[in-house]
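Per our numbering, residue 408 is the first one in the sequence shown, and the count goes up by one each step.
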Amino acid sequence: MQQLVLDMGHASGPTLANFCPGPNLAALQHLLLWLGKPGVASLRSPVPTYLWGDCSSGKTHLLRAVRADLRVQQQTVGWLDGNGPDCGEFNEGWSAVLMDDVHLLNSELQETAFNWFINAQSQQIAVIAAGRLPPADLKLRDDLRTRLGWGHVFALQALSEPERRAVLRDSAHTRGLVLSDEVLDFMLRRFSRDLSSLMALLDLMDGYALQTRRAITIPLIKTMMDNA
Numbered sequence: 408m409q410q411l412v413l414d415m416g417h418a419s420g421p422t423l424a425n426f427c428p429g430p431n432l433a434a435l436q437h438l439l440l441w442l443g444k445p446g447v448a449s450l451r452s453p454v455p456t457y458l459w460g461d462c463s464s465g466k467t468h469l470l471r472a473v474r475a476d477l478r479v480q481q482q483t484v485g486w487l488d489g490n491g492p493d494c495g496e497f498n499e500g501w502s503a504v505l506m507d508d509v510h511l512l513n514s515e516l517q518e519t520a521f522n523w524f525i526n527a528q529s530q531q532i533a534v535i536a537a538g539r540l541p542p543a544d545l546k547l548r549d550d551l552r553t554r555l556g557w558g559h560v561f562a563l564q565a566l567s568e569p570e571r572r573a574v575l576r577d578s579a580h581t582r583g584l585v586l587s588d589e590v591l592d593f594m595l596r597r598f599s600r601d602l603s604s605l606m607a608l609l610d611l612m613d614g615y616a617l618q619t620r621r622a623i624t625i626p627l628i629k630t631m632m633d634n635a
């Protein structure tokens, strides 16, 4: 049953279209403007962009959405993650350099990040980075920290609970589902409250409800989780 439940999830992955901006509309509009129209990558501004905020503010969603959009356009990007391994040499064929969780970069990864940043700027390629802290507070080497902060900087905020409820209701409505107040209370009380996790849970609930031909209720959610 676990495999069945997981297979029923049909999330499309992070995109700019399914990002729920709330108080972060300026950052979304900036990235949409930067991406522009397919086939005009040469017109993209090389000025770096830095997104910062807590772990549920949507930073990683936006970075992955930009990567997904560029991949659809058959373009490649450099991706460096503060939680991941060193990704090696800079590639001049990249359309952008994306760096996530820069506040976690160790000394080796900081060296790579700085190298990529310098090469990207010399090639007029934009760097879009994200971290938990504002640039001035990052515990990074000075030359990297200052470069992360000299371009466009956006402070992201997590959606409020009423905003998350509204997003979940709207998403459910587009699927032909109804989420009662009791179900929403249960989701927010018993599961991770960040929006990406809640949307993934909604995917599973939708699939399980279709499979069992039942409405989404608290007993259905409990049964789904018991069989996961």
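Backbone N, C-alpha and C fix where the C-beta goes; we use that ideal spot for every residue, glycine too.
With respect to the 8 Å criterion, residue 540 and residue 464 are not classified as neighbours on the basis of their beta carbons. The C-beta separation of residue 612 from residue 625 comes to about 11 Å, leaving the pair out of contact by the 8 Å criterion. For residue 545, there is no enclosing beta strand (DSSP E), since its DSSP letter is neither H nor E. Positions of the beta strand (DSSP E) runs, each at least 3 residues long and wholly inside the stretch 508-566, are given as 533-538 and 559-562 in order along the chain. Fewer than three pairs of CB atoms, one per stretch, sit closer than 8 Å, so the stretch 515-527 makes no contact with the stretch 435-443. Residues 456, 559 and 561 of the same chain have their beta carbon placed closer than 8 Å to that of residue 437, with the five preceding and five following residues left out of the count. Checking the DSSP bridge columns, you'll see residue 503 partnered with 484 and 533. Residue 602 is a Cβ neighbour of residue 566, given a cutoff of 8 Å. Straight across, the Cα-Cα distance linking residue 596 with residue 578 is about 19 Å. By the neighbour-count definition (other C-beta atoms within 10 Å, threshold 16), residue 460 is a buried residue. Straight across, the Cα-Cα distance linking residue 551 with residue 618 is about 51 Å.
Selection 498, 523 and 631 evaluated against residue 506 yields 523 as nearest (Cα-Cα). Per DSSP, reduced to three states, the secondary structure at residue 458 is strand.
Using a Cβ distance threshold of 8 Å, residue 439 and residue 423 count as a contacting pair.
In the structure shown, the three-state DSSP call for residue 589 is helix. In this structure, the beta-carbon distance from residue 469 to residue 434 falls below 8 Å. Per the C-alpha coordinates, the member of 529, 571 and 580 positioned closest to residue 497 is 529. Judged by DSSP secondary structure, residue 576 falls within the alpha helix (DSSP H) whose first and last residues are 568-581.
At the C-beta level, residue 535 and residue 473 come within 8 Å of one another. Distance check between residue 430 and each of 634, 542 and 568 places 568 closest, using alpha-carbon atoms only.
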